[in-house]
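Read the structure below first, then the notes.
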Amino acid sequence: MNRYPDHLYIHWPFCSFKCHYCDFVAFEQHSEYQTSYHHALLKEIAGFAQQLPPQHPIKTIFLGGGTPSLYPLEWITELFATLRKHFSFQEIQEITIETNPADIDEEKLERWHEIGITRLSIGVQSLNDDVLLKLNRRQRASDVLRTMRIAPKYFDNISVDLILGLPGVTTEEWLATIQLAVTWPIKHISVYFLTIHEKTPLYFKVERGDVKLADDQSMVELYEKTAQMLEENGFEQYEISNFARAGHVSTHNQAYWNRRPYKGFGVGAASFDGQRRSVNTNNLTTYLTEAPHIPATQEILTPEQEQLELLMLGLRQKKGMALHRMVYFLSDCDVQSLQANIDELKSAGLIEIENDRVMLTRKGMALENEIVVRLLTL
Ligand SMILES: C[S@@+](CC[C@H](N)C(=O)[O-])C[C@H]1O[C@@H](n2cnc3c(N)ncnc32)[C@H](O)[C@@H]1O
Ligand code: SF4
Numbered sequence: 154m155n156r157y158p159d160h161l162y163i164h165w166p167f168c169s170f171k172c173h174y175c176d177f178v179a180f181e182q183h184s185e186y187q188t189s190y191h192h193a194l195l196k197e198i199a200g201f202a203q204q205l206p207p208q209h210p211i212k213t214i215f216l217g218g219g220t221p222s223l224y225p226l227e228w229i230t231e232l233f234a235t236l237r238k239h240f241s242f243q244e245i246q247e248i249t250i251e252t253n254p255a256d257i258d259e260e261k262l263e264r265w266h267e268i269g270i271t272r273l274s275i276g277v278q279s280l281n282d283d284v285l286l287k288l289n290r291r292q293r294a295s296d297v298l299r300t301m302r303i304a305p306k307y308f309d310n311i312s313v314d315l316i317l318g319l320p321g322v323t324t325e326e327w328l329a330t331i332q333l334a335v336t337w338p339i340k341h342i343s344v345y346f347l348t349i350h351e352k353t354p355l356y357f358k359v360e361r362g363d364v365k366l367a368d369d370q371s372m373v374e375l376y377e378k379t380a381q382m383l384e385e386n387g388f389e390q391y392e393i394s395n396f397a398r399a400g401h402v403s404t405h406n407q408a409y410w411n412r413r414p415y416k417g418f419g420v421g422a423a424s425f426d427g428q429r430r431s432v433n434t435n436n437l438t439t440y441l442t443e444a445p446h447i448p449a450t451q452e453i454l455t456p457e458q459e460q461l462e463l464l465m466l467g468l469r470q471k472k473g474m475a476l477h478r479m480v481y482f483l484s485d486c487d488v489q490s491l492q493a494n495i496d497e498l499k500s501a502g503l504i505e506i507e508n509d510r511v512m513l514t515r516k517g518m519a520l521e522n523e524i525v526v527r528l529l530t531l
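Each residue of the sequence shown is one higher than the one before, starting from 154 at the first, in my numbering.
In structure tokens, the structure reads:
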């Protein structure tokens with residue numbers, strides 16, 4: 154297999170404020186480190202490019218964070234000049250930038266468009282200002298509405314992120330947000346279940362009983378209703394959290410789920426070369442001082458880990474996974490147990506089989522982790 158990556162991820166780890174639910178490698182403010190971080194990124198990119206044939210063609214780039222909409226325009230222009238110097242953009246299909254509505258303006262939109270960015274991913278999360286403020290996310294619904302007015306002048310391919318289950322958002326309010334979102338000039342919607350990550354401020358509030366979360370059953374029902382509403386309005390589900398209008402699935406994300414090689418640059422960025430997974434140090438000081446030789450943890454996947462990944466990543470997607478690939482590594486006896494598990498999950502309405510493919514139903518999508526565990530209990 155060609156181990157050269159066709160997909161690049163670039164991490165900008167700075168945010169205006171740290172949201173209380175956030176577990177990403179993201180630092181509040183830290184403006185004093187930004188110049189050196191930008192230069193370290195350029196060094197890391199140039200150092201990596203030397204290991205590849207000159208002008209290796211890239212298909213997708215994802216500028217994620219953190220908050221890359223805070224990446225100063227002059228530097229982001231320099232970043233793309235460096236990328237173009239080392240890689241060919243002849244086969245490019247998609248260049249995404251993650252943005253927070255609070256810091257979007259026309260000057261930025263125009264410049265992002267000029268430097269070749271093709272897709273905006275907008276972190277909406279909720280339209281309830283009070284809920285967001287309590288989570289230390291200082292953006293307002295009016296920022297989102299303003300963005301929806303100005304962004305289409307520069308971008309055709311717009312996606313929004315929403316978080317299902319934020320404390321304080323009622324069912325009616327959530328459904329009204331979905332009802333409104335489908336009228337926006339957007340092509341893609343990501344709906345993530347709220348995850349409570351250990352040691353985040355929200356985790357401690359939940360532990361102390363200061364914040365009460367909705368129960369799992371009602372979240373599964375709300376997820377099913379959401380997926381149905383999105384599909385009725387032309388956003389087809391193609392992955393657990395992702396819905397797109399025709400022709401607008403995210404190519405970059407599909408590369409992750411289809412286990413294509415990709416390279417991540419920046420603090421805490423992950424890479425995959427087809428066999429090995431590696432993750433850059435998440436220590437900002439180490440990243441800055443060691444660039445371009447970034448310390449990273451590496452793992453070569455065993456056949457069992459590879460099989461588990463194939464199953465988890467395959468089932469996340471609407472197209473599911475081929476049954477013959479699932480049984481590839483199994484003994485006859487295990488194949489029988491797997492078949493029994495599949496029959497049980499099918500009767501429970503969690504999976505369906507079409508020709509050789511095993512696919513999660515809408516309800517199954519909400520319970521993927523449990524289903525994978527059940528399938529593998531042989
Ligand atoms: C890496 S974040 C970056 C985007 C940008 N910084 C923002 O927050 O809008 C990508 C998306 O992950 C989702 N997300 C972040 N933390 C989450 C959590 N604890 N549970 C569920 N979704 C989360 C949000 O929808 C967010 O837009
Ligand atoms: S803006 Fe995004 S990356 Fe930054 S703290 Fe909030 S969720 Fe995390």
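Glycine residues also receive a C-beta, built at the ideal position from the N, C-alpha and C atoms. Since we're looking at a predicted model, the values are computed, not measured.
By the criterion of a C-beta distance shorter than 8 Å, Thr213 is surrounded in its chain by Asp159, His160, Leu161, Ile245, Gln246, Glu247, Ile248, Thr249, Thr404, His405, Ala408, once the five residues flanking it on both sides are discounted. Ranked by Cα distance from Gly321, the first of Met479, Asp282, Met474, Pro305 is Asp282. With a beta-carbon spacing of about 7 Å, Leu317 and Met372 fall inside the 8 Å limit used to define contacts.
In this structure, Ala422 is the residue among Ala422, Ser274, Gly218 with its C-alpha nearest to the C-alpha of Ala449.
Residue range 341-346 is occupied by the beta strand (DSSP E) that includes His341. Residue burial annotation: Val511 is buried, with at least 16 other C-beta atoms found within 10 angstroms of its C-beta.
Apart from sequence neighbours up to five positions away, the residues of its chain that approach Trp228 with a beta-carbon distance below 6 Å are His191, ordered along the chain. Look at Ile316: its beta carbon is less than 7 Å from one of the heavy atoms in ligand 1. Short note on Cys486: C-beta not closer than 7 Å to any heavy atom of ligand 1. Closest in C-alpha terms to Glu377, from the list Arg515, Lys365, Leu333, Ser222, comes Arg515. The residues Ala294, Thr330, in chain order, have a CB closer than 6 Å to that of Leu280 in the same chain once the five nearest residues on each side in sequence are set aside. In the same chain as Ser424, and ignoring 5 residues on each side of it, the C-beta atoms closer than 6 Å to its own belong to Lys416, Gly417, Ser431, in chain order. Beta-bridge partners assigned by DSSP to Pro210: Ser241.
Going by DSSP, Asp314 is part of the beta strand (DSSP E) stretching over 310-317. Counting the other Cβ atoms within 10 Å of the Cβ of Ile453 gives fewer than 16, which makes it exposed.
In terms of Cβ geometry, Ser312 and Asp256 do not form a close pair [threshold 8 Å].
Between Leu468 and Arg478, the CB-CB gap reaches or exceeds 8 Å.
In this structure the segment 198-218 does not lie against the segment 391-401, because fewer than three pairs of beta carbons, one per stretch, are closer than 8 Å.
Linking Phe180 to Thr455 through their CA atoms gives a straight-line distance of about 34 Å. Where Val432 is concerned, the enclosing beta strand (DSSP E) starts and stops at 429-433. Cβ contact annotation for Glu263 (same chain, cutoff 7 Å, sequence separation greater than five): Tyr307, in chain order. Only buried fits Ser343, as 16 or more other CB atoms lie within 10 angstroms of its CB.
Ala399 and His209 have their C-alpha atoms some 30 Å from each other. Look at Thr353 here: in three-state DSSP terms it is coil, with no helix or strand label.
In the three-state reduction of the DSSP assignment, Trp165 falls in the strand class, which pools E and B.
The beta-bridge partner set that DSSP reports for Ala449 consists of Asn433. If you draw a straight line from the Cα of Thr235 to the Cα of Met465, it comes to about 35 Å. For Asn395, there is no enclosing alpha helix (DSSP H); the enclosing beta strand (DSSP E) covers residues 395-397. For ligand 1, a non-hydrogen atom lies closer than 7 Å to the CB of Gly218. Contact check for His164 against Leu288 fails: the beta carbons are separated by 8 Å or more.
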